[in-house]
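Only one structure is covered here, and it is reproduced in the block below.
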Amino acid sequence: MPNLPKPRLRRPRRADSAVAPHPAEPQAPRVEQIDGAGLRWVPVAHDGREATSIEEATVVAALIEDLLTRCWTDPHGVTRPLTVEDVLVVAPFNAHVATLCALVPDGIRVGTVDKFQGQQAPVVIYSMASSSAALAPR
-19 MPNLPKPRLR RPRRADSAVA PHPAEPQAPR VEQIDGAGLR WVPVAHDGRE
31 ATSIEEATVV AALIEDLLTR CWTDPHGVTR PLTVEDVLVV APFNAHVATL
81 CALVPDGIRV GTVDKFQGQQ APVVIYSMAS SSAALAPR
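Last residue of the sequence shown: number 118 in the numbering used here, and the count goes up by one each step with no gaps.
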């Protein structure tokens, strides 16, 4: 696993903020994109990525940081805060797993589909890594 420094994650800025982020800085998804239950798609722009994407890993880490400030209601109607045990991050390539592990909060389970086969969690994030199907390793 590469020895990458852990980034300092911050919440997305308010739309009326006078300070604009650097255009090359990956942006965390807006909160309203991840409210409620069900499948969500959070697009992340990147180009030329094959088996790992720092851009996606950065957004996944910010997304998790946001989710860990929220509650969820289980099938029995019990509402409680989300914890690191409630989140799985699945990636198709070991290289991307390593990149994700370097950025997500400690305790988050990250692995390939094989590792999590048959498991479930309140939150499952699938990060594709490749910029296009043509660039994906075969």
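Just so it is clear, CB atoms sit at the ideal spot from N, CA and C, and this is done for glycine as well.
Bear in mind that the values here come from a model prediction, so they are computed numbers and not experimental data.
- Item | Candidates Thr59, Met108 and Gln97: closest to Cys77 by CA position | Taking the sequence shown and counting its residues from 1, one reaches residue 77 at position 97. Cys is not the amino acid found at residue 77; the sequence shown has Val there. The candidate whose alpha carbon is nearest that of Val77 is Met108.
- Task: Please classify Arg50: is it buried, with 16 or more other beta-carbons within 10 angstroms of its beta-carbon, or exposed?
- Result: For the purposes of this step, residue 50 is identified with residue 70 of the sequence shown, where counting begins at 1. By the neighbour-count rule (16 or more Cβ atoms within 10 Å), Arg50 is not buried but exposed.
- Decide if Lys(-14) is buried, meaning its Cβ has at least 16 other Cβ atoms within 10 Å, or exposed. Mapped onto the sequence shown, residue -14 falls at position 6. Since pLDDT at Lys(-14) reaches only 46, below the 50 mark, its modelled position is unreliable, and no value is offered.
- Which partner residues does Val104 have in the DSSP bridge list? As a first step, residue 104 is located in the sequence shown; it is residue number 124 there, counting from the start. BP columns for Val104 point to Leu68.
- Report buried or exposed for Val93, applying the criterion of at least 16 other Cβ atoms within 10 angstroms of its Cβ. For the purposes of this step, residue 93 is taken as the residue at position 113 of the sequence shown. It counts as exposed.
- Query: What residues in its chain sit with their C-beta under 8 Å from that of Val24, if we drop five residues either side in the sequence?
  - Reply: Position 44 of the sequence shown, counted from the start, is the residue given in the question as residue 24. Result list for Val24: Pro6, Ser33, Glu35, Glu36 and Val39, in chain order.
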